[in-house]
Every structure is written in structure tokens, then in C-alpha cells.
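Let me begin by presenting the structure, written as C-alpha cells, before commenting on it.
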Amino acid sequence: MIRSHLHILGKEQLSGRGWESVKLMDERIENLGVLIENLLSYNLLSSGRMTLKPERKDILRLLRESAAAWYPLWEKEGFRIEIDLEGEPLHWYVDESWFRRILDNLFQNIVRHARSGLYVGVAVEDREGERVIVIRDRGQGLGSGSDSKGAGLGLSIVDLLLKRMELGWKVDSTKQGTTIVILSLPHGNLNKT
Numbered sequence: 198m199i200r201s202h203l204h205i206l207g208k209e210q211l212s213g214r215g216w217e218s219v220k221l222m223d224e225r226i227e228n229l230g231v232l233i234e235n236l237l238s239y240n241l242l243s244s245g246r247m248t249l250k251p252e253r254k255d256i257l258r259l260l261r262e263s264a265a266a267w268y269p270l271w272e273k274e275g276f277r278i279e280i281d282l283e284g285e286p287l288h289w290y291v292d293e294s295w296f297r298r299i300l301d302n303l304f305q306n307i308v309r310h311a312r313s314g315l316y317v318g319v320a321v322e323d324r325e326g327e328r329v330i331v332i333r334d335r336g337q338g339l340g341s342g343s344d345s346k347g348a349g350l351g352l353s354i355v356d357l358l359l360k361r362m363e364l365g366w367k368v369d370s371t372k373q374g375t376t377i378v379i380l381s382l383p384h385g386n387l388n389k390t
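This is how it looks when you write it as C-alpha cells:
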């Protein structure tokens with residue numbers, strides 16, 4: 198309801214400062230909505246009340262579709278985009294909708310917190326004989342502040358979801374950027390073509 202009033206206000210004759218205020222209010226409302234959604238998801242996941250339905254899925258296909266959905270926003274924001282998702286299918290047992298949520302949380306973090314680097318890389322690489330997902334940015338690293346400070350729930354949700362799907366992740370974050378590697382854990386998930 199508040200957004201509809203902002204929309205009406207946006208149709209009025211406003212000064213430059215007025216437009217900035219409307220834009221800021223809209224961004225804050227959007228951030229609040231994301232925070233509430235993340236709080237609910239985190240609560241359900243951490244309490245074990247969230248049911249996951251893992252199925253054998255082609256992770257490359259899910260990555261391509263997710264990157265394609267984010268591509269227009271990355272372009273609009275001026276990011277340099279490198280995507281290397283070629284090769285044979287990569288099958289893991291995942292809950293498709295929650296795996297997409299993992300990717301959305303990671304991509305959203307890049308847009309919100311690593312904007313300064315204006316770079317996003319998404320690839321599948323061979324590391325130590327295993328095919329892994331690699332997501333990179335060239336922001337200032339996870340430890341540094343950003344213009345869009347978050348509550349940290351997005352990465353907590355990523356961690357919980359990956360554990361529930363028996364996937365692992367490694368984060369390497371410096372002032373030159375962050376690299377996140379998602380991998381299949383040897384005891385659980387199927388990492389075959």
C-alpha cells in the first residue's frame with residue numbers, strides 16, 4: 198500500500214530533492230521487504246521447519262538461467278560480466294527453488310555490496326579433479342563497509358541451504374574482491390556428468 202502512494206506521489210510535480218526522497222523511500226521499502234523475507238526464511242531454515250525436496254538437477258542449466266535473469270540488471274548497473282558455463286551437464290541433488298534462492302542471494306550481494314568493483318564472474322571450473330561453481334566480484338571484500346549495509350542474513354541463508362543440500366562452500370575475500378566456490382561434498386551429493 199505504501200508503494201502505491203509513492204507511485205502516486207511520483208506522478209506529481211516534484212523538485213529534484215522531492216524525486217530523491219521518493220526514490221530513497223522506495224529503496225528503503227524494498228530493502229525492508231527483502232529483510233522480512235530473509236528473516237522468515239532464516240527462521241524456518243534454522244528451526245528445521247523448511248522442507249527441501251532434492252532432485253537430480255543440471256546445475257549448469259540452473260546457473261545459466263539465473264545469470265540470464267540477472268544479466269539485464271548487471272548491464273544496467275555497468276558491471277563487466279564474464280560467464281563461462283560451457284561443458285557437459287553437472288548434476289547435483291538440489292532443491293531447485295532453494296538453489297535458485299542461493300544464487301539470487303549471492304548475485305544480490307554483488308549488486309548491493311560489491312558495486313564498486315563493477316565486475317561479476319560466474320563459471321564452472323575444475324579444481325582438484327572436481328567441477329565446482331565459482332562466483333567472483335571485484336568489490337572491496339566482505340569485511341569492508343558498503344553503501345548498502347545489510348543485516349548479513351543473505352549469506353547465513355546461503356550457508357544453511359548449502360548445508361541442508363549437502364553442498365559446501367569456500368569464501369576468499371580480500372580488498373580486491375571476493376571469490377565464492379560452491380562444491381559437492383564427497384559423502385553426499387552426486388557430482389557427475
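Sequential numbering from 198 applies to the sequence shown in this note's numbering. Every residue gets a Cβ at the ideal spot worked out from N, C-alpha and C, and that includes glycine. Being a predicted model, the structure only gives us computed values, none of them experimental.
The continuous alpha helix (DSSP H) containing Ala266 extends over residues Ile256 to Lys273. For Gly318, the enclosing beta strand (DSSP E) stretches over residues Tyr316 to Arg324.
Along the stretch 271-299, the beta strand (DSSP E) occurs as fully enclosed runs of 3 or more residues at 277-281 and 288-291, listed in sequence order.
DSSP, read as helix, strand or coil, puts Leu380 in strand. Annotation for Ser353: the continuous alpha helix (DSSP H) segment containing it runs Leu350 to Arg361. Assignment of Glu234 by DSSP, reduced to helix, strand and coil, places it in the helix class. Three or more beta-carbon pairs separated by less than 8 Å are not found between the stretch 305-314 and the stretch 280-297, which leaves the two stretches without contact.
Of the other Cβ atoms in all chains shown, fewer than 16 fall within 10 Å of the Cβ of His204; this residue is therefore exposed. With a 10 Å radius around the Cβ and a threshold of 16 neighbouring Cβ atoms, Asp323 comes out exposed.
Counting along the chain, the unbroken beta strand (DSSP E) around Lys367 starts and ends at Leu364 to Thr371. In the three-state scheme derived from DSSP, where H, G and I count as helix and E and B as strand, Glu327 is classed as strand. Collapsing the DSSP output to three states places Glu224 in a helix.
In this structure Gly374 does not touch Asn302 by the C-beta definition: roughly 18 Å separates them, more than the 8 Å allowed. Residues of the same chain with a CB within less than 7 Å of the CB of Met247, apart from the 5 flanking positions on each side, are Leu241 in chain order.
Using a C-beta cut-off of 8 Å, the stretch 249-261 makes contact with the stretch 286-293, since at least three inter-stretch Cβ pairs fall below that distance. For Arg335, the secondary structure class from DSSP, reduced to helix, strand or coil, is coil.
When Arg328, Gln305 and Gly275 are compared, the shortest CA-CA separation from Ser263 is found for Gln305. Between Val219 and Asp369, the alpha-carbon positions lie close to 37 Å from each other. DSSP, reduced to helix, strand and coil, places Gly245 outside both helices and strands of the structure shown, so it counts as coil.
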